[in-house]
Every structure is written in structure tokens, then in C-alpha cells.
Amino acid sequence: MTPLILRLSQSGQAVNWIPWQDAVLYYAKDQVAWTLGDETLRFYGGVNRIRNERSYMDIHPIIAVQGDKGRSVMGSVPTLNNRELFRRDGHTCMYCLSTLSERHLTRDHVIPMSRGGRNVWMNVVTACRACNQRKADQLLSETTMRLHAVPYTPNRAEWLILRNRHILADQMAFLEGQCPKDRRPKNDVTR
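Be aware that the sequence shown starts at 2, since it is given in our numbering, and climbs by one per residue.
What follows is the structure in C-alpha cells.
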């Protein structure tokens, strides 16, 4: 599998993951302001008829794109969905601490929606089906259950880590530098 390229704003803010084809276009249009990463990825093109040489382009795993100010992502709250929620919580039920596959997990609202709770990162946790059914629409104070971790809204870097399962070491080091030190999303790192 070809790794995704981490696109940054010109000021160095992580924007999103892009396929290598998009990165090649940025390079070809001379829109890459600067790059990071020791490792480069080589992509081959066609063969020159006159010289009989195959063309290629070396792409860095992290590229900053010219003219990309990053204003649209500054302070933006990532979209909440189960896949990233389960990854944020390490595929672990926040009530019984069982680690399960996605098909055995559910989204639980700490303050139930029927009680005025909202469907936002700060009010949801990963729960196994049994714990979610046991809690039902009760507040934690009305149960004997205990929440083992405080829900949080991932920042942009954390969200990008959650979205990509095959992050190169250079990319992970860059993104981790933008994460609060007390919470580091777990992910598979391709080295």
C-alpha cells in the first residue's frame, strides 16, 4: 500500500492527507513551498522516446503547499463518527475497559440525548454493547458504572492520526509534536 502524503499549509499547520497523485501535481505545478521528512517516495512515469529513459519524481512524505494559509482548519472541530471515536478510545469500552473490534462497539452519550446531552466529542465515549444497554438513558450518577477516561475533542493533528492507519515515522513525529503531551492517539506506524 502506498502511504498517504501529509499536506501542510505554508505556515506549517497540518491540513489533510492526500494521495501521492495529488502530491505529484503540486510538485509538477511548482506549488510545494517546502518539505519535511528524511525518506522520499519515488514514483515512476513514462519512458522518453528519444533518450529511452524512464521519468520519475521523488516525493517527500510531508509537503507544505504554497498559498495554502490553513485558515479554514484552524480551530475547526473534526467531524464526529464512530470510526474515529473508537480509534480515539483505543477500541476500548470506557466503562468495563474491554478492548473489542468495531462491530462490537457502540457510541455512548455520557449525558444521554434524552436528557439534553449533545452528540459532540466531549459527550461521547466508546462502549461495548452490554455496558451501553446497562447504562441506557441514565446519568452516570444514577448508575454504579464508572467512566475510566474523560472524553475530549481531538485537535487537527490528533484527528489526522486517527484517520490514517499507515503513517510513516516522519509524519507521526510531526503530528505528535502538535498533540497535547497527555493524550497521544494510538495508531499503526509504518516504519
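Just so you know, even glycine gets a beta-carbon here, dropped at the ideal spot from N, CA and C.
Using the DSSP secondary-structure output, state which residues sit across from residue i in a beta bridge.
{"i": "Asp59", "result": "Arg43"}
{"i": "Trp35", "result": "Ala65"}
{"i": "Asp109", "result": "Val126"}
{"i": "Thr93", "result": "Thr100"}
{"i": "Val48", "result": "Arg55"}
State the start and end residues of the unbroken beta strand (DSSP E) segment that holds residue i.
{"i": "Asn17", "result": "15-19"}
{"i": "Trp122", "result": "Taken as a continuous stretch (DSSP letters only), Trp122 belongs to no beta strand (DSSP E), as it is neither H nor E."}
The alpha helix (DSSP H) that contains residue i, what's its start and end?
{"i": "Ala128", "result": "No alpha helix (DSSP H) contains Ala128, which is instead part of the beta strand (DSSP E) from 125-129."}
{"i": "Ile6", "result": "Segment 6-9 is the beta strand (DSSP E) holding Ile6; no alpha helix (DSSP H) there."}
{"i": "Asp171", "result": "170-177"}
{"i": "Leu86", "result": "83-89"}
Rounded to the nearest angstrom, how far is the Cβ of residue i from that of residue j, given a contact under 8 Å?
{"i": "Arg130", "j": "Thr93", "result": "About 14 Å separates the two Cβ atoms, so there is no contact after all."}
{"i": "Pro113", "j": "Asp90", "result": "That belief does not hold up - the Cβ atoms of Pro113 and Asp90 are roughly 18 Å apart, past 8 Å."}
{"i": "Trp194", "j": "Tyr153", "result": "Residue 194 lies beyond the stretch modelled for the chain, which goes from 2 to 192, so this question has no answer here."}
{"i": "Asp171", "j": "Asp39", "result": "6 Å"}
{"i": "Tyr27", "j": "Val66", "result": "6 Å"}
{"i": "Glu103", "j": "Trp160", "result": "Glu103 to Trp160, Cβ: 18 Å. No contact."}
{"i": "Val125", "j": "Leu148", "result": "Going by Cβ atoms, the distance from Val125 to Leu148 rounds to 11 Å, so no, they are not a contact pair."}
{"i": "Leu37", "j": "Trp18", "result": "Leu37 to Trp18, Cβ: 15 Å. No contact."}
{"i": "Ala15", "j": "Gln179", "result": "6 Å"}
Are at least three pairs of beta-carbons, each pair with one atom in the region 80-93 and one in the region 49-64, less than 8 Å apart?
-> no
Please list the segments of the beta strand (DSSP E) lying wholly inside the region 128-166, counting only runs of 3 or more residues, in order along the chain.
-> none
Taking contact to mean at least 3 C-beta pairs separated by less than 8 Å, is the region 135-151 in contact with the region 5-19?
-> no
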